[in-house]
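**Q**
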Amino acid sequence: MYLFLLACLFRRKYNNHIMALSLIKSEDCGEYFGRKNINDILVEDVLMEIFHHFSLHEIFPMRRVCRYWFDLINKNVLKNRKELIICLVSYSTNKYFRRKDIRECYYVVNYKKLLPVIPYHENLQILKVFNFMIGNWFLTDFIVHIKQLRSLTMAECTFSKLSLSSFFQPLQNLTKLILINMGIGDEFVRQITQYLRQLEYLNLSNNSSISGKYMDHLPSTMKVLILLFCTLDIHNLYKCIENLSKNGCQLEVLNLKYNSIGGEECDYSFGEHIHHLREIKISTKHIVKHFTNETLERLEKLVIHEMFERGDGPIVSDLFFQSFFRIPFIRLKNLHLTSLPSKIGDEMFAQCLSMCQNIESLKLIALSTLTNQSLRLISELKSLRFLKFDNIRIDNDTVMKIIKQCTNLHTFVIDFKEKSGDFVGKSYDLNERFIFDCIEYFQHHSERKMNIRIMRSLMPINHNKQLTCIPDNLNIQILKSKYVLGPPIYDDHFDLRINY
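For the sequence shown, counting from 1, position 162 maps to 162 in the UniProt record's numbering; every step adds exactly one.
And the structure:
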């Protein structure tokens with residue numbers, strides 16, 4: 001009976017792993033054919049090989065098979081885990097999940113469901129908690145038992161009758177902290193700077209009450225600082241960057257996109273303090289104004305997202321590009337430009353590309369002033385591997401020239417946001433002839449391989465026409481919508497408490 005159950009579970013979702021059962025010799029099956037207990041046939045090593053192919057969600061019901069399986073799973077599968085994800089059942093489609101995380105998540109109703117399995121997670125190094133009420137139990141019954149915890153992520157959680165100092169005391173060895181949409185403010189930041197002196201990665205996105213106060217006391221070990229959708233004060237931000245640099249901090253990643261940075265204009269410039277940056281994402285006039293290329297020699301990724309002030313024109317303009325792209329970005333591999341609507345002209349765009357000849361990933365979003373003449377210059381980027389156009393007007397000939405000339409190009413995405421704006425109601429020059437041109441080209445160039453994704457709303461296809469056979473080296477996806485459905489919702493959650 002047990003063997004039949006196990007085989008059914010494998011055939012249901014893991015047919016490609018059924019070969020694990022081949023570890024059992026045929027003569028052994030004959031010898032033990034009359035026995036009812038599968039444990040007489042499957043030794044511990046074989047069972048562990050089988051358990052390895054199941055998700056955490058499916059492993060827990062298997063603990064109910066017998067006491068031996070219960071102890072084996074707890075001891076070898078749970079106790080050796082380095083990462084744990086906890087999510088409230090009713091919020092199982094949380095937007096902060098990645099698809100690969102779904103297999104390894106505890107879906108529970110409340111914290112009481114977690115208590116019986118806490119002793120099996122003392123070796124955890126990474127903990128992620130979503131949509132939970134964080135109270136004293138989180139400290140006294142859970143966190144204090146995890147001595148090796150180095151990374152903590154919490155999103156859309158709430159604190160209930162919890163002292164901030166008592167919360168951070170058991171977390172003093174953290175090197176990575178992510179707190180997203182938690183409603184925290186500057187006092188919370190002060191506690192972080194006081195207790196977490198080994199912190200290297202800090203993400204405080206979607207916390208609008210954070211002004212940047214006390215951030216100048218962040219430890220010198222900081223490598224990554226992410227502050228999206230915060231209400232930063234420009235003086236606090238400059239002071240933070242300056243003090244980190246003076247204390248010997250070598251900040252490598254700075255993400256300040258979508259920030260509403262307030263404060264009066266000042267003459268401060270932290271450009272001289274960020275020469276260690278490998279990645280920067282910016283979107284405000286205070287930061288763009290003082291940036292110079294000379295201090296960003298190590299930069300590998302640059303994202304410029306335009307935001308407006310009340311009554312003002314675009315912040316990212318030809319004037320900025322003229323001063324910013326004066327010297328080549330030799331190490332730059334990723335360039336992402338977003339402007340709504342941009343004033344970037346063909347001449348400045350050409351200068352930008354000429355200074356970024358080694359980029360491998362290029363994303364252009366809503367650069368409405370660019371023409372096909374300037375977009376054809378992309379074909380000169382010989383190292384380009386990934387290209388994305390979103391709300392970019394382009395014709396068949398330009399796209400085909402890019403594909404033919406960029407011999408390393410592997411993925412090409414052409415998206416279109418269906419909302420009010422300059423692009424709605426306008427006809428696009430890209431049409432279904434592009435599909436046939438691609439098919440013909442890749443049929444004659446079998447050495448090339450490419451993935452192409454196109455929004456159907458951008459380029460409708462006449463399904464009455466018979467498409468030529470698409471070659472194996474070309475993968476074309478024509479999508480109705482760019483939005484992918486969220487993770488699956490489990491109607492029944494598993495009970496973590498099992499008593500024998």
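For every residue, glycine included, the Cβ atom is placed at its ideal position computed from N, Cα and C.
Ignoring anything shorter than 3 residues or poking outside the segment 373-406, list the beta strand (DSSP E) runs there in chain order.
**A** List check, beta strand (DSSP E) in window: 386-390.
**Q** Taking Leu177 as the reference, give the member of Ser283, Thr369, Ile126 with the closest Cα.
**A** For this step, residue 177 is matched to residue 177 along the sequence shown. Answer by Cα proximity: Ile126.
**Q** Pick helix, strand or coil for Asp356, following the three-state DSSP scheme.
**A** In the sequence shown, counting from the first residue as 1, residue 356 sits at position 356. The identity of residue 356 in the sequence shown is Cys, whereas the question assumes Asp. In the structure shown, Cys356 sits in coil (DSSP, three-state: anything other than H, G, I, E or B).
**Q** By Cβ distance below 8 Å, which residues in the same chain neighbour Gln351 in space, the five residues on each side in sequence not counted?
**A** As a working note, residue 351 is residue 351 in the sequence shown. Phe321, Gln322, Phe325, listed in sequence order.
**Q** Cα separation between Cys105 and Leu375?
**A** Here residue 105 is taken as the residue at index 105 of the sequence shown, counted from 1. Here residue 375 is taken as the residue at index 375 of the sequence shown, counted from 1. Roughly 44 Å between the two C-alpha positions.
**Q** For Leu430, tell me which candidate among Asn408, Ser446, Ile392 has the shortest Cα-Cα distance.
**A** Mapped onto the sequence shown, residue 430 falls at position 430. Ranking Asn408, Ser446, Ile392 by Cα distance to Leu430 puts Ile392 first.
**Q** State yes or no: is the C-beta of Leu377 within less than 8 Å of the C-beta of Ile359?
**A** Taking the sequence shown and counting its residues from 1, the one referred to as residue 377 is at position 377. Taking the sequence shown and counting its residues from 1, the one referred to as residue 359 is at position 359. No, they are not a contact pair.
**Q** Is the segment 155-170 in contact with the segment 131-141, if contact means three or more CB pairs nearer than 8 Å?
**A** Flag = yes, the segment 155-170 and the segment 131-141 touch.
**Q** On the premise that Leu251 lies in contact with Leu225, defined as a C-beta separation below 8 Å, what is that separation, rounded to the nearest angstrom?
**A** The residue given as residue 225 occupies position 225 in the sequence shown. The residue given as residue 251 occupies position 251 in the sequence shown. So it is a contact: roughly 6 Å between Cβ atoms.
**Q** Going straight from the alpha carbon of Ile274 to that of Val65, what length do you get?
**A** The residue given as residue 274 occupies position 274 in the sequence shown. The residue given as residue 65 occupies position 65 in the sequence shown. Cα-Cα distance, rounded: 57 Å.
**Q** Taking Cβ positions, are Ile476 and Ile435 nearer each other than 8 Å?
**A** Residue numbering aside, residue 476 sits at position 476 when the sequence shown is read from its first letter. Residue numbering aside, residue 435 sits at position 435 when the sequence shown is read from its first letter. It is a contact, given that the beta carbons lie within the stated cut-off.
**Q** If I'm right that Arg278 touches Glu306 with Cβ under 8 Å, what's the distance once you round it to whole angstroms?
**A** What you label residue 278 is simply residue 278 of the sequence shown in a count that begins at 1. What you label residue 306 is simply residue 306 of the sequence shown in a count that begins at 1. Actually they do not touch by this definition, with Cβ atoms about 23 Å apart.
**Q** For Arg298, write down the residues that DSSP places opposite it in a beta bridge.
**A** What you label residue 298 is simply residue 298 of the sequence shown in a count that begins at 1. DSSP lists no partner for Arg298.
**Q** Return the bridge partner residues of Tyr106 from the DSSP annotation.
**A** Residue numbering aside, residue 106 sits at position 106 when the sequence shown is read from its first letter. Per DSSP, Ile86.
**Q** Starting from Ser361, trace the beta strand (DSSP E) both ways and give me its first and last residue.
**A** In the sequence shown, the residue the question calls residue 361 occupies position 361. Run containing Ser361: 361-365, per the beta strand (DSSP E) assignment.
**Q** Quick one: what's got a C-beta closer than 7 Å to Thr221's C-beta in the same chain, skipping five residues either side?
**A** Locating residue 221 in the sequence shown gives position 221, counting from the first residue. Taken in chain order, the residues that qualify are Gln198, Leu199, Glu200.
**Q** Among the residues of its own chain, which have a CB less than 7 Å from the CB of Arg190, if the five just before and after it don't count?
**A** Taking the first residue of the sequence shown as 1, we reach residue 190 at position 190. Closer than 7 Å at Cβ, skipping near neighbours: Tyr214.
**Q** Distance cutoff 8 Å, beta carbons only. Does Ser208 sit that close to anything in chain B?
**A** Protein chains in the displayed structure number just one, and chain B is not present.
**Q** Relative to the C-alpha of Ile85, which residue among Val43, Met355, Leu152, Val77 is closest?
**A** As a position in the sequence shown, residue 85 is number 85, starting the count at 1. It is Leu152 whose Cα lies nearest to the Cα of Ile85.
**Q** If distances are taken between C-alpha atoms only, which option among Phe412, Met400, Pro328 comes closest to Ser361?
**A** In the sequence shown, the residue the question calls residue 361 occupies position 361. Ranking the options by Cα distance to Ser361, first place goes to Phe412.
**Q** For the alpha helix (DSSP H) containing Ser151, list its first residue and its last residue.
**A** Numbered from 1 along the sequence shown, position 151 holds the residue referred to as residue 151. Not the alpha helix (DSSP H): Ser151 falls in the beta strand (DSSP E), residues 151-155.
**Q** Measure the Cβ-Cβ separation of Lys75 and Leu124 and say whether it is below 8 Å.
**A** Counting from 1 along the sequence shown, the entry for residue 75 is found at position 75. Counting from 1 along the sequence shown, the entry for residue 124 is found at position 124. Contact: no.
**Q** On the DSSP bridge assignment, give the partners of Gly185 in chain order.
**A** On the sequence shown, residue 185 is found 185 positions in, with the first residue counted as 1. Gly185 is bridged to Ser209.
**Q** Hey, which unbroken runs of the alpha helix (DSSP H) at 4 residues or more fall wholly within the segment 125-178?
**A** Entirely contained in the segment 125-178, the alpha helix (DSSP H) runs reaching 4 residues are, in chain order, 164-168.
**Q** Taking 8 Å as the threshold (C-beta atoms), are Leu302 and Asn259 in contact?
**A** For the purposes of this step, residue 259 is taken as the residue at position 259 of the sequence shown. For the purposes of this step, residue 302 is taken as the residue at position 302 of the sequence shown. The answer is no: Cβ separation not under 8 Å.
**Q** Below 7 Å CB to CB, which residues in the same chain sit around His276 once its five sequence neighbours on both sides are set aside?
**A** Against the sequence shown, residue 276 aligns to sequence position 276. For His276, where only same-chain residues beyond five positions count, the Cβ hits under 7 Å are Gln250, Leu251, Glu252, Arg298.
**Q** Going by CA-CA distance only, name the one from Glu347, Leu364, Lys333, Ser354 that's closest to Ile304.
**A** By 1-based counting over the sequence shown, the position of residue 304 is 304. Answer by Cα proximity: Leu364.
**Q** Figure out for me which residue from Ala155, Leu114, Leu367 has the closest Cα to the Cα of Phe142.
**A** Here residue 142 refers to the residue found at position 142 of the sequence shown. Comparing Cα-Cα distances from Phe142 to each of Ala155, Leu114, Leu367, the minimum goes to Leu114.
**Q** Give me, in chain order, the residues of the same chain whose beta-carbon lies closer than 7 Å to that of Lys79; leave out the 5 immediate sequence neighbours on both sides.
**A** For the purposes of this step, residue 79 is taken as residue 79 along the sequence shown, with counting starting at 1. Answer for Lys79: Tyr120, Asn123, listed in chain order.
**Q** Out of Asn396, Cys356, Asp216, state which residue places its alpha-carbon closest to the alpha-carbon of Gln373.
**A** For the purposes of this step, residue 373 is taken as residue 373 along the sequence shown, with counting starting at 1. Gln373 has its Cα closest to that of Asn396, out of Asn396, Cys356, Asp216.
**Q** Using a 10 Å radius around the Cβ and a threshold of 16 neighbouring Cβ atoms, would you call Ile210 buried or exposed?
**A** Taking the sequence shown and counting its residues from 1, the one referred to as residue 210 is at position 210. Ile210 is buried by the Cβ-count criterion.
**Q** Can you tell me which of Lys223, Ile192, Leu196 puts its alpha carbon nearest to the alpha carbon of Gly212?
**A** On the sequence shown, residue 212 is found 212 positions in, with the first residue counted as 1. Among Lys223, Ile192, Leu196, the Cα nearest to that of Gly212 is on Ile192.
**Q** As a quick exercise: from Met154, Gly248, Phe389, pick the residue whose alpha carbon is nearest that of Leu367.
**A** As a working note, residue 367 is residue 367 in the sequence shown. The residue with the shortest Cα to Cα distance from Leu367 is Phe389.
**Q** How far does the beta strand (DSSP E) with Lys246 in it extend, from its first residue to its last?
**A** Here the question's residue 246 lines up with position 246 in the sequence shown. That residue, Lys246, is in no beta strand (DSSP E); its alpha helix (DSSP H) goes 234-246.
**Q** Let me make sure I understand the geometry here. Which of His52, Cys87, Leu47 has the alpha-carbon closest to that of Tyr68?
**A** What you label residue 68 is simply residue 68 of the sequence shown in a count that begins at 1. Taking only the C-alpha atoms, the option nearest Tyr68 is Leu47.
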